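S.K.: Here you go, one structure.
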Ligand code: GMT
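Right, dumping it as structure tokens:
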């Protein structure tokens, strides 16, 4: 294959709010900007995908509800659409993000096509596709099968590479390609956003997540409830989902005037540039893209020392790491950075430099391009 020829790449991901979908959309956008043709295949347009851009296409997977099935099936219509798009657009690569069910659908799609029309399959594991579903006997063997039949497997951290070997017993090659984030320009000024949030001199603590149980919102609230004096900060939660189930906890902890929630925010950069300190209390995390997003805006985070987070934050250099589950230590680390503005700025600047040097599109996207070229050369 001509190594300079632009590639035709199909990308499948979850389109709604979530780290793997954000990463996949950003990757597609970057690849199209670099001259490749990119075809997203999913049940909805990925929410960060630009409305129109050269060489960027979206193919919806349509699910008919026949009322026959207790559980509607997505894997088969997805695989049929993948095969159709691969054939019609002569895809070189099908790059699937999050194994379940995308990797299985890709392997099936490939086998539906004659040999000369088969794309290479690249599977990127993002987190719970290994750590949770990989350990489930109802999913594990199917994930293992799809990985074994992928032309390349990548993980977003060293931690997840080891977990994939351990949990799934997968002994094939795995390339670690960390996540990247390329912020868009904010639409509003820092002052405008802080005014919208009703912030005066308080330090803005940011937490952005989909609020699933493993994010441990209970620990997050417990932590901020222990920070004194309370007038020194406000916690802004950017929720990918509904916050209502946690409202009673906010009230019980006396945090009604300290917690501000924004649900399903699209202009995330507006809020990131207004933030002073991130706070992340997850019990597991393969990478934690939200920490990187904050780092890009020179906002350091206090986070739990779990999973791949130590690959993103260097303790005392680009943020603070605290043992999981210890609300007192988390609160102490946050309070220290609330009170010491100079230290906060120092860690924030180092965080921003580290984001640029290690986790920018310029560094990461060529690694995916090199991988695509390599698998395309395999015979
Ligand atoms: O695996 C998940 O729970 C979902 C996934 C997602 O779609 O948001 O999150 C994972 O992928 C992100 C992007 O690579 C990582 O930043 C998250 O750390 C990871 N979540 C977990 O490992 C729990």
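Residue numbers (the working numbering): 289 to 667.
Glycine included, every Cβ here is placed at the ideal spot set by N, Cα and C.
The structure displayed is predicted, hence computed values, not measured ones.
(1) If you follow the alpha helix (DSSP H) that residue 325 is part of, which residue opens it and which one closes it?
(2) Taking only runs that begin and end inside the region 559-626, name each unbroken alpha helix (DSSP H) of 4 or more residues, in chain order.
(3) How long is the line joining the alpha carbons of residue 388 and residue 631, rounded to whole angstroms?
(4) From residue 411 to residue 429, what distance separates their C-alpha atoms?
(5) In the DSSP assignment, find the alpha helix (DSSP H) that holds residue 305 and state where it starts and stops.
(6) Are the Cβ atoms of residue 308 and residue 335 separated by less than 8 Å?
(7) Quick one: does the C-beta of residue 653 sit closer than 7 Å to a heavy atom of the ligand GMT?
(8) Is the beta carbon of residue 612 within less than 7 Å of some heavy atom of the ligand GMT?
(9) What residue range does the alpha helix (DSSP H) around residue 390 cover?
(10) From what residue to what residue does the alpha helix (DSSP H) around residue 663 run?
(11) Quick one: Cα of residue 659 to Cα of residue 465, how far?
(12) Return the bridge partner residues of residue 440 from the DSSP annotation.
(13) In this structure, how does DSSP classify residue 464 when only helix, strand and coil are distinguished?
(14) Rounding to the nearest angstrom, what Cα-Cα distance links residue 635 and residue 625 in this structure?
(15) For residue 476, which residues from the same chain have a beta carbon less than 6 Å from its beta carbon, with the 5 sequence-adjacent residues on both sides left out?
(16) Following the continuous alpha helix (DSSP H) through residue 634, name the residue where it begins and the one where it ends.
(17) Measure the alpha-carbon distance for residue 602 versus residue 579 and round it to whole angstroms.
(18) Where do the ends of the beta strand (DSSP E) carrying residue 492 lie?
(19) Using the Cβ count rule (16 or more neighbours within 10 Å means buried), how would you classify residue 552?
(20) Assess contact between the region 562-576 and the region 319-328, defined as three or more Cβ pairs (one per stretch) separated by less than 8 Å. Is contact present?
(21) Who are the near neighbours of residue 653 in its chain, counting only those whose CB is closer than 8 Å to its CB and skipping five residues on each side?
(22) Grouping DSSP H, G and I as helix and E and B as strand, with all else coil, what is residue 429?
(23) Under 8 Å, do residue 515 and residue 565 count as touching if we go by C-beta distance?
M.R.: If we stick to the structure as given:
(1) Here the question's residue 325 lines up with position 37 in the chain shown. Boundaries for residue 325: no alpha helix (DSSP H) harbours it, while the beta strand (DSSP E) harbouring it runs 325-330, taken from the DSSP string.
(2) With a minimum length of 4 residues, the continuous alpha helix (DSSP H) runs that stay inside the region 559-626 are 577-583 and 597-600.
(3) As a position in the chain shown, residue 388 is number 100, starting the count at 1. As a position in the chain shown, residue 631 is number 343, starting the count at 1. So the two alpha carbons sit approximately 42 Å from each other.
(4) One-based indexing of the chain shown puts residue 411 at position 123. One-based indexing of the chain shown puts residue 429 at position 141. Their Cα atoms are separated by approximately 16 Å.
(5) Counting from 1 along the chain shown, the entry for residue 305 is found at position 17. DSSP places residue 305 in no alpha helix (DSSP H); its state is neither H nor E.
(6) For the purposes of this step, residue 308 is identified with residue 20 of the chain shown, where counting begins at 1. For the purposes of this step, residue 335 is identified with residue 47 of the chain shown, where counting begins at 1. The criterion of a C-beta distance shorter than 8 Å is not satisfied by residue 308 and residue 335.
(7) Stepping through the chain shown from its first residue, residue 653 is reached at position 365. No; taking the cut-off as 7 Å, the Cβ of residue 653 has no heavy atom of the ligand GMT nearer than that.
(8) The residue you call residue 612 lines up with position 324 of the chain shown. For the ligand GMT, not one heavy atom lies less than 7 Å from the Cβ of residue 612.
(9) What you label residue 390 is simply residue 102 of the chain shown in a count that begins at 1. Annotation for residue 390: the continuous alpha helix (DSSP H) segment containing it runs 387-399.
(10) The residue labelled residue 663 in the question sits at position 375 within the chain shown. In the DSSP assignment, residue 663 falls within the alpha helix (DSSP H) that extends over 649-665.
(11) For this step, residue 659 is matched to residue 371 along the chain shown. For this step, residue 465 is matched to residue 177 along the chain shown. Cα-Cα distance, rounded: 10 Å.
(12) Stepping through the chain shown from its first residue, residue 440 is reached at position 152. Paired residues: 410.
(13) Indexing the chain shown from 1 puts residue 464 at position 176. In the three-state reduction of the DSSP assignment, residue 464 falls in the strand class, which pools E and B.
(14) Position 347 of the chain shown, counted from the start, is the residue given in the question as residue 635. Position 337 of the chain shown, counted from the start, is the residue given in the question as residue 625. The alpha-carbon atoms of residue 635 and residue 625 are separated by roughly 9 Å.
(15) The residue you call residue 476 lines up with position 188 of the chain shown. These residues qualify, in order along the chain: 558.
(16) On the chain shown, position 346 is the one that residue 634 refers to. Where residue 634 is concerned, the enclosing alpha helix (DSSP H) stretches over 629-646.
(17) Counting from 1 along the chain shown, the entry for residue 602 is found at position 314. Counting from 1 along the chain shown, the entry for residue 579 is found at position 291. Taking the Cα positions, residue 602 is about 12 Å away from residue 579.
(18) As a first step, residue 492 must be located in the chain shown, where it is residue number 204. Following the DSSP letters along the chain, one finds residue 492 inside the beta strand (DSSP E) bounded by residues 491-497.
(19) Locating residue 552 in the chain shown gives position 264, counting from the first residue. Its Cβ having fewer than 16 others within 10 Å, residue 552 is exposed.
(20) The region 562-576, when compared against the region 319-328, does not touch it at the 8 Å Cβ threshold.
(21) Along the chain shown, one-based indexing puts residue 653 at 365. So the qualifying residues of the chain are 315, 318, 319, 322 and 468.
(22) In the chain shown, residue 429 corresponds to position 141, counting from 1. In the structure shown, residue 429 adopts helical secondary structure according to DSSP, grouped into three states.
(23) On the chain shown, residue 515 is found 227 positions in, with the first residue counted as 1. On the chain shown, residue 565 is found 277 positions in, with the first residue counted as 1. Residue 515 places its beta carbon 8 Å or farther from that of residue 565.
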